[in-house]
Structures are given as structure tokens and as C-alpha cells.
Amino acid sequence: MPHLIINYSGNLDAIVDMPALCRDAADAMLAVRDEAGRQVFPTGGTRVLAYPAPHFALADGGAAGRAAGAGKTGIRGSDPGEYAFMYANLRMARGRSAASQKASGEAVVSAIRKHLDPLMATRHIGLTVQVDEGPEVFDLKHSTIHPLFKKA
Amino acid sequence: MPHLIINYSGNLDAIVDMPALCRDAADAMLAVRDEAGRQVFPTGGTRVLAYPAPHFALADGGAAGRAAGAGKTGIRGSDPGEYAFMYANLRMARGRSAASQKASGEAVVSAIRKHLDPLMATRHIGLTVQVDEGPEVFDLKHSTIHPLFKKA
Amino acid sequence: MPHLIINYSGNLDAIVDMPALCRDAADAMLAVRDEAGRQVFPTGGTRVLAYPAPHFALADGGAAGRAAGAGKTGIRGSDPGEYAFMYANLRMARGRSAASQKASGEAVVSAIRKHLDPLMATRHIGLTVQVDEGPEVFDLKHSTIHPLFKKA
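Residue numbers (the working numbering), protein chains in the order written: chain A, 225 to 376; chain B, 225 to 376; chain C, 225 to 376.
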């Protein structure tokens with residue numbers, strides 16, 4: 225942990241540099257500090273996975289976007305009725321402080337908005353970021369990445 | 225919110241019109257009303273994303289389907305040992321009434337069964353629909369779709 | 225239920241036989257027994273779906289792996305700064321015993337480690353397996369697979 229999983233309408237692949245967005249989100253997570261100044265997420269355990277959905281349906285399907293028209297375009301073309309959506313879910317281990325949870329969510333929001341805000345100025349795009357405390361009843365980690373970051 | 229995320233065995237892409245299924249599910253969600261007759265899901269915040277899994281394993285892998293034989297076929301071919309599965313998860317904001325949650329789940333079930341029932345008559349297909357109240361500890365929405373549906 | 229959903233960095237597709245891993249995980253789940261010796265997961269309801277993420281970012285992006293060097297290679301090539309990650313989430317119905325939950329988690333871990341351990345010996349790979357008790361407020365199942373496994 226933590227895992228940031230990003231689900232999004234696949235039309236965003238045409239206009240968003242997703243590998244860069246993933247890296248920026250991971251870097252933002254690594255920079256989060258708790259009240260005592262400690263790194264909240266262990267470097268070796270910080271992961272971002274992003275999934276374009278090949279099939280999706282959003283809002284009214286486009287009618288309102290087309291009716292509004294003025295100043296907006298589509299995601300891949302000029303149709304203002306083409307919407308896009310991105311959902312980022314950060315799953316954290318239980319027991320973090322509310323301040324750390326909030327800081328983590330805001331870090332992810334900032335990293336993603338850096339990429340989406342310029343696009344949202346002229347397109348109909350929705351973004352939702354949520355942080356969950358996992359409800360797990362079993363949890364096992366096994367890794368040959370973690371040892372790279374163990375302090376001597 | 226809400227998000228409906230549909231995970232399914234990728235072999236269904238050969239026989240299900242997934243873009244239409246997504247649209248029908250979104251329309252069904254938009255039609256849900258609460259006890260006071262109000263729309264449960266805001267139009268601009270209604271999203272459906274669907275993901276075919278390229279790799280999957282279901283039940284016993286096919287032996288029972290082959291043994292049963294009679295009247296059933298496969299998903300993509302004639303092998304009755306080929307199964308398929310669809311899982312739809314609707315994540316709603318907290319605080320909705322039990323009646324609204326139930327109506328939402330049933331709306332999604334109906335929309336999906338319209339597409340699957342004719343196929344299930346001759347194929348081995350499983351469908352599970354669940355509605356979750358999200359356990360989020362952080363929640364941010366930013367959208368240029370929502371303003372399209374704000375009442376004047 | 226249950227659903228095992230496996231999310232992983234897409235670079236693992238080059239070195240892991242994912243269809244076999246999915247089948248082994250399903251078989252491991254089917255073999256789990258509760259304290260009374262009964263099968264924990266119904267055969268017809270046991271499903272594994274696996275999703276390679278086309279976009280991802282892991283840990284520090286590779287610097288530590290490159291610095292450590294000795295004895296490790298990459299996932300698809302010789303760069304020890306290429307990491308991989310697999311996350312398996314098993315969602316079980318509520319009300320199972322803690323022992324059954326633990327046995328289920330361990331069964332999935334064993335099935336996956338059979339495939340990953342040989343690779344982890346020379347590569348930087350992280351694995352996390354979690355079992356959740358679902359928080360569903362609505363749950364519907366409809367299936368033409370289940371009847372195949374109903375006892376007479």
C-alpha cells in the first residue's frame with residue numbers, strides 16, 4: 225500500500241499523457257508528509273495503475289454539451305457533446321490521521337489537475353478523486369522492491 | 225458519483241453490444257427517483273465504465289458445462305464449457321435511503337439483463353450486481369460537465 | 225461471489241502466463257475448506273478476472289533498482305530499474321469466519337507466488353494480496369452457470 229488506481233474513459237488517451245500523469249501522481253504521493261514530517265507512503269510500496277475503459281457512457285450522452293456549445297470542443301474532435309471522465313481511487317492502510325488522508329487526497333488531485341485543467345478549459349471533463357481506508361480482513365505483501373528502500 | 229464500473233470476462237465482447245449496454249445502464253440510473261420523486265443521481269455525475277478482462281478463469285473451467293451439454297453453446301463458439309461472467313459495481317454516496325439503494329441496484333440489473341437474458345438462454349453466463357456505499361475518507365469532484373446540468 | 229480481481233502493471237504480461245495464473249488461483253479458491261470441511265466458495269460462483277494496466281508508475285521510477293544493480297534484471301529487458309507490481313483483491317461475502325478468510329487469502333497468495341517467486345529471484349516485483357468483506361447494500365446474482373453445480 226498505497227495503491228492509486230485510475231479508471232477513466234478511454235477517449236482521454238488521445239489527449240492526456242497518461243504515463244506522465246501516473247508518474248506525477250506517484251511523485252506527489254511520495255512527497256506527502258505527516259504531522260511529524262515523516263513520509264506517509266513508503267517509496268517501495270507506492271503504486272499507480274491506470275486503466276482506460278474501452279466502453280463507457282457519461283451523463284446524458286452529449287445533448288447538453290451540444291446545446292451549450294459556446295467555447296467548448298470534444299475530447300478527440302470538435303463535438304462538444306463528447307464528454308470524458310477520470311476517477312482516481314487511493315486506497316490507504318487503516319490508521320492514518322485525518323490530516324494525512326486529506327493531504328494525500330489533495331496531493332493526488334493537484335498532480336492530476338496539472339494535466340487535466342488545461343484540457344477542461346475547453347472540454348467537458350469530470351474528475352473525481354477519492355481516498356478509501358481499505359476494509360481488508362487479510363493483507364499480505366511480498367516484494368523484491370521494498371528492500372531497495374530499507375534504511376541501513 | 226455515482227460510478228458504475230463493470231468488470232467482465234473479455235469473451236463477452238464478441239456477443240454483447242457493450243457501448244449500448246453502458247448507455248442503457250446510464251439511462252436506467254438517470255431514471256431512478258427517490259421517495260419524494262426526485263432524481264437520485266445528478267445527470268452530470270452519472271458515469272458508467274466497462275472493462276473486459278483479457279485473462280480470466282471461471283468456476284471449474286468448463287467440465288460441468290461440457291458434461292451438461294444439452295441446449296447450451298459457448299460464448300464465442302459451440303463449446304458449452306466456455307463460460308462468461310459480468311460483475312457490475314455501483315458505488316453510491318453515503319446517506320441514500322435503503323429504498324433508493326435498492327431501486328438503483330434494480331435499475332442496473334434490468335438494464336443489463338435486457339442485454340444478457342437472451343444470451344443466457346443458450347449460454348453459461350453469470351451476472352452479479354452490487355451496490356456499495358463508498359467508504360471514502362476524502363472526496364473531491366471537479367468537473368466541466370456538471371455546470372451543463374445546473375438549474376437556472 | 226467470490227470475485228478475485230487482479231490488477232497489475234502491464235509489463236508482467238511479457239513474463240507471466242496470466243491465463244494459467246488465473247486458473248491456478250481459481251483452483252486454489254475452490255480447494256479452500258472451512259472448519260467443518262465444507263467448500264468455502266461455490267464452484268459456479270468462483271471467478272477470477274485479471275487486468276494489465278497499460279499505464280503505471282511504481283516506487284521511485286527505477287533509480288534505486290539501477291543503483292542496486294547486482295543480480296537483478298528488468299521485467300522485459302536488462303534494466304534493473306524496471307519494476308513490476310501485482311495486486312490481487314478477493315471480495316468475499318460477509319459472515320465468513322476469520323479462519324476461512326485467512327485460508328482464502330493464503331490460498332490465493334500460494335497460487336500467485338508459484339508463478340511470481342521464480343521471477344522475483346532476479347527481478348524487482350511487488351505483490352499485494354488483500355481479502356475484503358464486501359460493503360454491499362444491494363446484491364443480486366443471476367446465473368446459468370450455478371445450476372450446473374447444484375446438488376441433486
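Don't be surprised by glycine CBs; every beta carbon is placed ideally from N, CA and C.
Predicted, not measured: the structure shown is a model, and the values here were computed from it.
Is the beta carbon of residue j closer than 9 Å to that of residue i?
| i | j | result |
| --- | --- | --- |
| ALA283(A) | THR267(B) | yes |
| ASP251(A) | ALA308(A) | no |
| THR352(B) | ASP363(C) | yes |
| ARG271(A) | PRO226(A) | yes |
| VAL256(A) | HIS339(A) | no |
| ASN235(C) | TYR275(C) | no |
| HIS370(B) | GLY269(B) | yes |
| GLY289(C) | LEU372(A) | yes |
| ILE229(B) | ARG337(B) | no |
Just to confirm my understanding: we take residue i, look at its own chain, exclude 5 residues before and 5 after, and list those with CB closer than 7 Å. What are they?
| i | result |
| --- | --- |
| PRO243(B) | none |
| SER233(B) | ALA277, PHE280, LEU282, ALA308 and PHE309 |
| ARG318(A) | GLU357 and GLY358 |
| ALA331(B) | ALA252, MET253, ALA255 and VAL256 |
With a threshold of 8 Å on Cβ separation, who are the neighbours of residue i within its own chain once the five nearest residues in sequence on each side are excluded?
| i | result |
| --- | --- |
| GLY295(C) | THR346 |
| SER321(B) | ASP258 and GLU259 |
| LEU254(C) | GLN263, PHE265, THR267 and THR270 |
| ALA376(C) | Because the pLDDT at ALA376(C) is just 43, under 50, the model does not fix this residue reliably, and the point stays unresolved. |
| GLY293(A) | PRO304 |
| LYS302(B) | The sequence given here places Ser at residue 302(B); Lys does not occur at that position. Closer than 8 Å at the Cβ level, and outside the excluded window around SER302(B), lies no residue. |
| THR368(A) | none |
Which residues does DSSP pair with residue i in a beta bridge?
| i | result |
| --- | --- |
| ASP363(B) | GLN354(A) |
| PHE309(B) | GLY350(B) |
| HIS227(C) | ARG271(C) and ARG315(C) |
| ARG257(C) | GLN263(C) |
| SER328(A) | Note: SER328(A) sits in no beta bridge, so no partner. |
| SER334(B) | Answer is none; SER334(B) lacks a bridge partner. |
| SER233(A) | ALA277(A) |
Keeping to the same chain, check which residues put their C-beta closer than 6 Å to that of residue i; ignore five residues upstream and five downstream.
| i | result |
| --- | --- |
| GLN354(A) | ASN313 |
| SER324(B) | ASP258 and VAL264 |
| GLY350(B) | PHE309 |
| GLU306(B) | GLY298 and ILE299 |
| ALA327(C) | VAL256 |
| ASP248(B) | ALA335 |
| GLY286(B) | GLY305 |
| LYS374(C) | none |
| LEU273(C) | ILE229 |
| LEU245(A) | HIS339 |
| TYR311(A) | ASN231 and THR352 |
| VAL333(B) | VAL353 |
Does any heavy atom of the ligand GTP sit closer than 8 Å to the C-beta of residue i?
| i | result |
| --- | --- |
| ASP251(C) | In terms of ligand content, the structure shown is empty, and the ligand GTP therefore cannot be addressed. |
Since residue i meets chain D, which of its residues come closer than 9 Å, beta carbon to beta carbon?
| i | result |
| --- | --- |
| SER367(A) | In summary, chain D is missing from the structure at hand, where the protein chains are A, B and C. |
**OP:** Select from the stretch 302–319 of chain C all residues with a C-beta closer than 7 Å to any C-beta belonging to chain B, and list them in chain order.
**Re:** Closer than 7 Å at the C-beta level to chain B, one finds no residue of the stretch 302–319 of chain C.
**OP:** Pick out the complete beta strand (DSSP E) segments inside the stretch 264–300 of chain B, 3 residues or longer, and give them in chain order.
**Re:** Counting only runs that start and end inside the stretch 264–300 of chain B, the beta strand (DSSP E) elements of at least 3 residues fall at 271–277 and 279–282.
**OP:** Compile a chain-ordered list of the residues in the stretch 278–292 of chain B whose CB is closer than 8 Å to at least one CB of chain A.
**Re:** Result list empty, no residue passes.
**OP:** Return the residues of the stretch 334–365 of chain A that lie within a Cβ-Cβ distance of less than 8 Å from chain C, sorted by chain order.
**Re:** The residues in question are GLY358, PRO359, GLU360, VAL361, PHE362, ASP363, LEU364 and LYS365.
Subject >> Where the stretch 253–269 of chain C meets chain B: residues whose CB sits under 8 Å from a CB there >> reply: Going along the stretch 253–269 of chain C in chain order, one finds LEU254, THR267, GLY268 and GLY269 with a Cβ nearer than 8 Å to chain B.
Subject >> Near-chain B residues of the stretch 233–252 of chain A - C-beta to any C-beta below 8 Å >> reply: Flagged, chain order: SER233.
Original post:
What are the residues of the stretch 319–331 of chain C that lie near chain A, defined by any Cβ-Cβ distance shorter than 9 Å?
Top reply: If the cut-off is 9 Å between Cβ atoms, the stretch 319–331 of chain C has ARG320, ALA322, GLN325, LYS326, SER328, GLY329 and GLU330 near chain A.
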